[in-house]
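Enquirer: Sequence order for the protein chains is P and G. In terms of the UniProt record's numbering, the first sequence opens at residue 1 and continues consecutively. In terms of the UniProt record's numbering, the second sequence opens at residue 1 and continues consecutively.
2 protein chains.
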Amino acid sequence: MPAQTSHNPPPVTPDPGPDALRADARENRERILRAAREAYALHGIDVPISAIARRAGVGVATLYRRFPTRTSLITEAFTEQLAECAGALDEALEDPDPWRGFCTVLRKVCAMQAADRGFTHAFLARFPGDTAYAGERDRAEEGLALLVRRAKEAGALRPDFDVSDVVLTLLANNGVANGAGPEAAAASRRLVGYLLESFRAGPATGPLPPPAGLELDRLGGTG
Amino acid sequence: MPAQTSHNPPPVTPDPGPDALRADARENRERILRAAREAYALHGIDVPISAIARRAGVGVATLYRRFPTRTSLITEAFTEQLAECAGALDEALEDPDPWRGFCTVLRKVCAMQAADRGFTHAFLARFPGDTAYAGERDRAEEGLALLVRRAKEAGALRPDFDVSDVVLTLLANNGVANGAGPEAAAASRRLVGYLLESFRAGPATGPLPPPAGLELDRLGGTG
DNA sequence: CGGTAAACGGACGACCCCCTCCATTTAGCC
DNA sequence: GGCTAAATGGAGGGGGTCGTCCGTTTACCG
Numbered sequence: 001m002p003a004q005t006s007h008n009p010p011p012v013t014p015d016p017g018p019d020a021l022r023a024d025a026r027e028n029r030e031r032i033l034r035a036a037r038e039a040y041a042l043h044g045i046d047v048p049i050s051a052i053a054r055r056a057g058v059g060v061a062t063l064y065r066r067f068p069t070r071t072s073l074i075t076e077a078f079t080e081q082l083a084e085c086a087g088a089l090d091e092a093l094e095d096p097d098p099w100r101g102f103c104t105v106l107r108k109v110c111a112m113q114a115a116d117r118g119f120t121h122a123f124l125a126r127f128p129g130d131t132a133y134a135g136e137r138d139r140a141e142e143g144l145a146l147l148v149r150r151a152k153e154a155g156a157l158r159p160d161f162d163v164s165d166v167v168l169t170l171l172a173n174n175g176v177a178n179g180a181g182p183e184a185a186a187a188s189r190r191l192v193g194y195l196l197e198s199f200r201a202g203p204a205t206g207p208l209p210p211p212a213g214l215e216l217d218r219l220g221g222t223g
Numbered sequence: 001m002p003a004q005t006s007h008n009p010p011p012v013t014p015d016p017g018p019d020a021l022r023a024d025a026r027e028n029r030e031r032i033l034r035a036a037r038e039a040y041a042l043h044g045i046d047v048p049i050s051a052i053a054r055r056a057g058v059g060v061a062t063l064y065r066r067f068p069t070r071t072s073l074i075t076e077a078f079t080e081q082l083a084e085c086a087g088a089l090d091e092a093l094e095d096p097d098p099w100r101g102f103c104t105v106l107r108k109v110c111a112m113q114a115a116d117r118g119f120t121h122a123f124l125a126r127f128p129g130d131t132a133y134a135g136e137r138d139r140a141e142e143g144l145a146l147l148v149r150r151a152k153e154a155g156a157l158r159p160d161f162d163v164s165d166v167v168l169t170l171l172a173n174n175g176v177a178n179g180a181g182p183e184a185a186a187a188s189r190r191l192v193g194y195l196l197e198s199f200r201a202g203p204a205t206g207p208l209p210p211p212a213g214l215e216l217d218r219l220g221g222t223g
């Protein structure tokens with residue numbers, strides 16, 4: 001990334017923003033996002049750009065002008081769902097029972113993963129140089145850490161649980177979501193059921209293999 | 001597949017078999033398989049055929065003549081590892097402690113998954129029309145079912161464990177193996193640690209979401 | 001040593017996806 | 001209604017993989 005010339009008050013939005021667009025352009029922008037969400041949910045994040053354009057009823061050029069990079073499209077397409085995740089975390093933090101909050105947020109995010117094949121990738125993908133998610137993600141990590149600490153202090157979450165185990169859960173769930181086909185939802189629920197039982201503090205168990213130190217921003221679809 | 005003309009004593013081996021080959025051809029065949037295993041382990045199952053050929057030091061045509069379909073190459077390349085899995089299961093069945101056997105086989109297979117990016121795909125991929133694995137797989141399913149039953153009867157495995165939960169475990173582990181990059185091995189160990197704790201029979205826990213009824217032959221890399 | 005069939009490998013056409021360019025259409029304003 | 005800049009869409013060059021064809025090389029046998 002070339003250095004910027006010292007000053008630029010609005011951080012040079014690569015996306016002009018939906019508001020500054022002409023009416024027909026804004027309409028098309030929405031159609032593209034809708035089509036992208038549908039396509040991603042159905043076929044995963046690898047659908048050709050041209051397929052999304054076709055589904056949206058626009059030309060490829062239109063799509064490319066609005067979303068110059070694949071990442072920018074994905075970012076926009078999943079903003080809503082990511083906000084939903086953030087909301088779930090906020091709710092969990094407000095729950096007087098941190099363990100219940102912990103369970104709820106994990107169940108919810110995993111269910112979303114299982115329902116939408118593209119969501120996982122959007123969720124786990126790192127967006128190099130893209131600051132749109134960075135703040136959101138940092139906030140999520142903080143909130144998660146807080147929730148985990150509280151749940152431990154309440155004696156409900158096992159003490160050797162590591163925050164990175166949340167990522168572990170998401171990755172595992174991703175594997176199930178991608179591999180289990182039509183049974184993905186049921187399989188995901190069952191996996192999360194097993195894991196939550198294991199995460200719950202209980203009578204002393206043997207030592208666990210050490211945490212893998214996974215971080216949200218070090219992960220990608222295929223490593 | 002066109003109907004066959006009623007009789008063909010040797011079931012028309014698409015692979016002439018390593019033995020009937022000329023010396024140089026057999027040599028090349030081995031080189032191809034070695035290269036395929038390396039490439040799959042490093043880059044997953046999607047490496048271009050040409051890359052494997054190059055790595056093996058042969059032309060594409062040679063590879064294609066020996067292994068007409070991608071599947072046939074994968075099948076051959078992972079035969080050894082699959083045999084190792086089968087061996088692990090056999091050992092587990094011989095273990096006087098079925099729970100220990102169960103843990104060992106799950107740990108071993110998951111470790112293999114984590115170590116070799118291609119192995120999972122080979123392991124889970126369905127091979128339509130390919131009978132090479134069918135017998136092996138049926139035997140594995142039987143053995144697994146037996147192991148699970150014994151472990152339950154020994155009171156070590158929770159009664160509501162379902163055989164399909166083994167597949168669930170493999171899918172989850174696959175997600176971790178594919179997504180955790182360099183930490184895949186550690187992350188996989190930790191996941192399996194959590195799951196095995198959960199699988200272990202213990203003080204009554206709440207009801208689990210129902211099993212997803214996953215079967216080995218209904219799974220594929222991306223469903 | 002010589003002949004033959006097996007084996008080889010590179011080149012090639014078909015296909016798909018990415019992304020840009022440009023001639024044409026259209027919305028919004030006077 | 002007419003003008004202008006924004007917006008559009010499809011064609012096309014570039015890159016990559018697949019799988020086959022065919023002229024050349026090589027192992028094996030007599």
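C-beta: ideal position from N, C-alpha, C; glycine also. Note that the structure is a prediction, hence the values are computed from the model and not measured.
Output yes if chain G places a C-beta closer than 7 angstroms to the C-beta of alanine 115 of chain P; else output no.
Expert: Here the question's residue 115 of chain P lines up with position 115 in the first sequence. For alanine 115 of chain P, the answer is no, since every Cβ of chain G falls outside 7 angstroms of its Cβ.
Enquirer: Aspartate 116 of chain P: buried (16+ other C-beta within 10 angstroms of its C-beta) or exposed?
Expert: Counting from one through the first sequence, the residue named residue 116 of chain P turns up at place 116. Buried.
Enquirer: Kindly indicate the opening and closing residues of the alpha helix (DSSP H) around leucine 42 of chain G.
Expert: If you number the second sequence from 1, residue 42 of chain G lands on position 42. Counting along the chain, the alpha helix (DSSP H) containing leucine 42 of chain G begins and ends at 23–43.
Enquirer: I'd like to know whether the C-beta of leucine 82 of chain G is nearer than 7 angstroms to at least one C-beta of chain P.
Expert: On the second sequence, position 82 is the one that residue 82 of chain G refers to. Judged by the 7 angstroms Cβ criterion, leucine 82 of chain G is not in contact with chain P.
Enquirer: Given arginine 107 of chain P, which residues of its chain have a CB within under 6 angstroms of its CB, disregarding the five upstream and five downstream residues?
Expert: Looking up residue 107 of chain P in the first sequence gives position 107. If we look at arginine 107 of chain P and ignore the five residues flanking it on each side, its Cβ neighbours are Val192.
Enquirer: Would you say proline 163 of chain G and alanine 172 of chain P are within 7 angstroms of each other, going by their C-beta atoms?
Expert: On the second sequence, residue 163 of chain G is found 163 positions in, with the first residue counted as 1. On the first sequence, residue 172 of chain P is found 172 positions in, with the first residue counted as 1. In the sequence as displayed, the identity of residue 163 of chain G is valine instead of proline. No, they are not a contact pair.
Enquirer: Tell me which residues share the same chain as glycine 59 of chain G and place their Cβ nearer than 7 angstroms to its Cβ, disregarding the 5 neighbours each side in the sequence.
Expert: Counting from one through the second sequence, the residue named residue 59 of chain G turns up at place 59. Only Ala53 meet the Cβ criterion.
Enquirer: Residues of chain P with CB closer than 7 angstroms to the CB of leucine 168 of chain G, please, in chain order.
Expert: Taking the first residue of the second sequence as position 1, residue 168 of chain G is located at position 168. Those are Val176, Ala187, Arg190, Leu191, listed as they occur along chain P.
Enquirer: Against leucine 195 of chain P, what residues of chain G qualify as contacts under a CB-to-CB distance less than 8 angstroms, listed in chain order?
Expert: As a position in the first sequence, residue 195 of chain P is number 195, starting the count at 1. Result: Tyr194, Leu195, Ser198.
Enquirer: Could you pull out every residue in the same chain whose Cβ sits closer than 7 angstroms to the Cβ of aspartate 160 of chain P, ignoring the five residues on either side in sequence?
Expert: Within the first sequence, the letter at position 160 stands for residue 160 of chain P. The answer, listed in chain order, is Leu208.
Enquirer: How is leucine 82 of chain G classed by DSSP in three states: helix, strand or coil?
Expert: Taking the first residue of the second sequence as position 1, residue 82 of chain G is located at position 82. Helix.
Enquirer: Could you confirm whether any beta carbon from chain P is found closer than 7 angstroms to the beta carbon of glutamate 183 of chain G?
Expert: Residue 183 of chain G sits at position 183 when you count from the first residue of the second sequence. It does; some Cβ of chain P falls within 7 angstroms.
Enquirer: Give me the chain P residues within the contact set of threonine 205 of chain G, using Cβ-Cβ distance strictly less than 8 angstroms, ordered along the chain.
Expert: For the purposes of this step, residue 205 of chain G is identified with residue 205 of the second sequence, where counting begins at 1. Going along chain P in sequence order, the residues near threonine 205 of chain G (Cβ under 8 angstroms) are Glu197.
Enquirer: Any idea what DSSP makes of arginine 55 of chain P, helix, strand or coil?
Expert: One-based indexing of the first sequence puts residue 55 of chain P at position 55. Of the three classes helix, strand and coil, the one that applies to arginine 55 of chain P here is helix, per DSSP.
Enquirer: From the DSSP output, in three-state form, read off leucine 171 of chain P for me.
Expert: If you number the first sequence from 1, residue 171 of chain P lands on position 171. Of the three classes helix, strand and coil, the one that applies to leucine 171 of chain P here is helix, per DSSP.
Enquirer: Any idea which residues DSSP pairs leucine 157 of chain G with across the strands?
Expert: One-based indexing of the second sequence puts residue 157 of chain G at position 157. Beta-bridge pairing links leucine 157 of chain G to G:Arg200.
Enquirer: Residues of chain G with a CB under 8 angstroms from the CB of leucine 208 of chain P: which are they?
Expert: On the first sequence, residue 208 of chain P is found 208 positions in, with the first residue counted as 1. Result: Arg190, Gly193, Tyr194, Glu197.
Enquirer: Please list the partners that proline 211 of chain G has in chain P, where partner means a Cβ-to-Cβ separation under 9 angstroms.
Expert: Numbered from its first residue, the second sequence carries residue 211 of chain G at position 211. Those within 9 angstroms of proline 211 of chain G in chain P are Ala186, Ala187, Arg190.
Enquirer: Once you ignore the five residues that flank residue 236 of chain G on each side, which residues in its own chain have a CB closer than 6 angstroms to its CB?
Expert: The displayed coordinates of chain G run from 1 to 223. Any statement about residue 236 of chain G would go beyond what the structure contains.
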